[in-house]
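Peer 1:
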Amino acid sequence: MSSIADNIESVTRRIQKATIDAGRDAGSVKLLAVSKTRPADDISTAALAGQLAFGENYLQEALDKIGQLTDIPELEWHFIGPIQSNKTRAIAEHFSWVHSVDRLKVAQRLNDQRPDGQPPLNICLQVNIDQEPSKSGCQPEEAIALALAISELPSLRLRGLMAIPDPQQPDEERRQSFRRLADLRHAINLQLPPDLALDTLSMGMSDDLEAAIAEGATWVRVGTALFGARVKTG
Ligand SMILES: *Cc1c(COP(=O)(O)O)cnc(C)c1O
25 MSSIADNIES
35 VTRRIQKATI
45 DAGRDAGSVK
55 LLAVSKTRPA
65 DDISTAALAG
75 QLAFGENYLQ
85 EALDKIGQLT
95 DIPELEWHFI
105 GPIQSNKTRA
115 IAEHFSWVHS
125 VDRLKVAQRL
135 NDQRPDGQPP
145 LNICLQVNID
155 QEPSKSGCQP
165 EEAIALALAI
175 SELPSLRLRG
185 LMAIPDPQQP
195 DEERRQSFRR
205 LADLRHAINL
215 QLPPDLALDT
225 LSMGMSDDLE
235 AAIAEGATWV
245 RVGTALFGAR
255 VKTG
């Protein structure tokens with residue numbers, strides 16, 4: 025028996041229970057398997073167990089694995105790591121989602137470099153929700169203007185917001201960080217035409233997915249609870 029398959033089952037149960045406890049619709053929270061530092065074999069194993077959406081943080085590592093796994097065309101790749109603007113072309117070409125856009129220049133490059141004939145690239149604007157000094161993400165007060173600008177780029181589809189709350193915070197404060205991200209999405213939606221309304225909150229990881237779901241997460245990004253502790257940091 026594969027422990028990755030067992031872990032997928034138990035994380036799926038955690039998600040289902042948290043969704044019901046929050047009074048939300050079954051199936052409204054999706055699992056993004058964060059496969060950074062994991063070999064392509066772990067991804068195939070997870071795919072055999074029915075998990076098809078994978079999040080990667082490091083571009084070269086991701087491209088290597090994408091190249092090794094072309095025999096599973098159902099895989100859906102999400103880029104979730106910091107983005108250098110000279111690396112946008114490969115991201116625009118090889119991914120379905122990018123959760124970590126935090127400035128307009130990167131969004132414009134992804135838009136310009138998305139190949140013709142591919143569907144719009146799904147985007148989350150990453151927000152530095154706890155305003156930590158050296159953290160990725162735009163400042164909360166910049167988020168509305170940035171979201172409105174990104175929503176106009178034709179080859180992108182702005183889907184929502186992403187955040188990684190300060191992991192040092194006590195649980196209750198972390199939950200408030202998730203709530204602030206949800207409030208920010210609401211504020212942005214008040215300014216967008218209804219057909220462009222943001223439907224996504226990418227928040228919650230192995231240790232805090234229940235709190236994130238209680239506050240409205242639609243993607244939880246889970247690594248350790250699926251694949252075990254990582255050897256490398258990141
Ligand atoms: C590594 C990572 C995760 C997964 O974290 P775990 O604690 O291993 O579940 C989620 N999101 C991002 C952006 C990450 O870099």
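So for the sequence shown, the working numbering puts the first residue at 25; every next one is plus one.
Idealized CB from N, CA, C, for every residue including glycine.
Hey, would you say I39 sits closer than 8 Å to V58, going by beta carbons?
Peer 2: Their beta carbons are not under 8 Å apart, which means I39 does not touch V58 by this criterion.
Peer 1: Would you mind sorting G228 into buried or exposed? The rule is 16 or more other CB atoms within 10 Å of its CB.
Peer 2: Its Cβ being crowded by 16 or more others within 10 Å, G228 is buried.
Peer 1: Using the three-state DSSP reduction, which class does G51 fall into: helix, strand or coil?
Peer 2: Three-state result, G51: coil.
Peer 1: Relative to the C-alpha of G79, which candidate in L55, D65 and Q92 has its C-alpha closest?
Peer 2: Of the listed residues, the one whose Cα sits closest to G79 is L55.
Peer 1: Under 7 Å: does the beta carbon of T248 sit that close to some heavy atom of ligand 1?
Peer 2: Yes, ligand 1 has a heavy atom inside 7 Å of this Cβ.
Peer 1: Apply the 10 Å Cβ neighbour rule to G258 and answer buried if 16 or more other Cβ atoms are within range, or exposed otherwise.
Peer 2: With a pLDDT of only 46 at G258, under the threshold of 50, the placement of this residue in the model should not be trusted; the figure read from the coordinates follows. Exposed is the call here.
Peer 1: Starting from A76, trace the alpha helix (DSSP H) in both directions and tell me its first and last residue.
Peer 2: Reading off the sequence shown, one finds Leu at residue 76, where the question assumed Ala. From DSSP, L76 is part of no alpha helix (DSSP H); its letter is neither H nor E.
Peer 1: Starting from the Cα of P139, find the closest Cα among Q192, I115 and I104 and give me that residue.
Peer 2: Checking every option, the nearest Cα to that of P139 belongs to I115.
Peer 1: Tell me where the beta strand (DSSP E) around R198 begins and ends.
Peer 2: Counting along the chain, R198 falls outside any beta strand (DSSP E), though it belongs to the alpha helix (DSSP H) covering D195 to N213.
Peer 1: Touching or not, the segment 95-114 and the segment 71-85, by the rule of three or more beta carbon pairs under 8 Å?
Peer 2: At 8 Å Cβ cutoff, the stretches touch.
Peer 1: Spell out the partners DSSP gives G184 in its beta bridges.
Peer 2: According to DSSP, which records beta bridges pairwise, G184 is partnered with C148 and T224.
Peer 1: With distance defined between alpha-carbon atoms, name the residue in K41, L83, S226 and Q193 nearest to T61.
Peer 2: Nearest C-alpha to T61: L83.
Peer 1: On a CA-only basis, which of V255, L145, T248 and A253 is nearest V35? Give me that one, please.
Peer 2: When each option's Cα is compared against that of V35, the closest is T248.
Peer 1: Please determine if the segment 150-158 and the segment 86-95 are in contact, where contact requires at least 3 C-beta pairs separated by less than 8 Å.
Peer 2: Short answer: they don't touch.
Peer 1: Contact defined as beta carbons within less than 8 Å: I believe E156 pairs with D190. What is the distance between those atoms, to the nearest angstrom?
Peer 2: Going by Cβ atoms, the distance from E156 to D190 rounds to 6 Å, so yes, they are a contact pair.
Peer 1: How about G240 and A206: do their beta carbons lie closer than 8 Å?
Peer 2: Against a cut-off of 8 Å, the Cβ pair of A206 and G240 comes out as a contact.
Peer 1: Roughly how many angstroms lie between the CA atoms of T112 and G51, to the nearest whole one?
Peer 2: Taking the straight line from one Cα to the other gives about 32 Å.
Peer 1: Report the residue from K129, H123, E176 and Q200 whose alpha carbon sits nearest the alpha carbon of G184.
Peer 2: Here the closest residue by C-alpha is H123.
Peer 1: CA-CA distance, P218 and T224?
Peer 2: Roughly 14 Å between the two C-alpha positions.
Peer 1: Expressed to the nearest angstrom, what Euclidean distance is found between the alpha-carbon atoms of P106 and S160?
Peer 2: Distance between the alpha carbons of P106 and S160 is about 7 Å.
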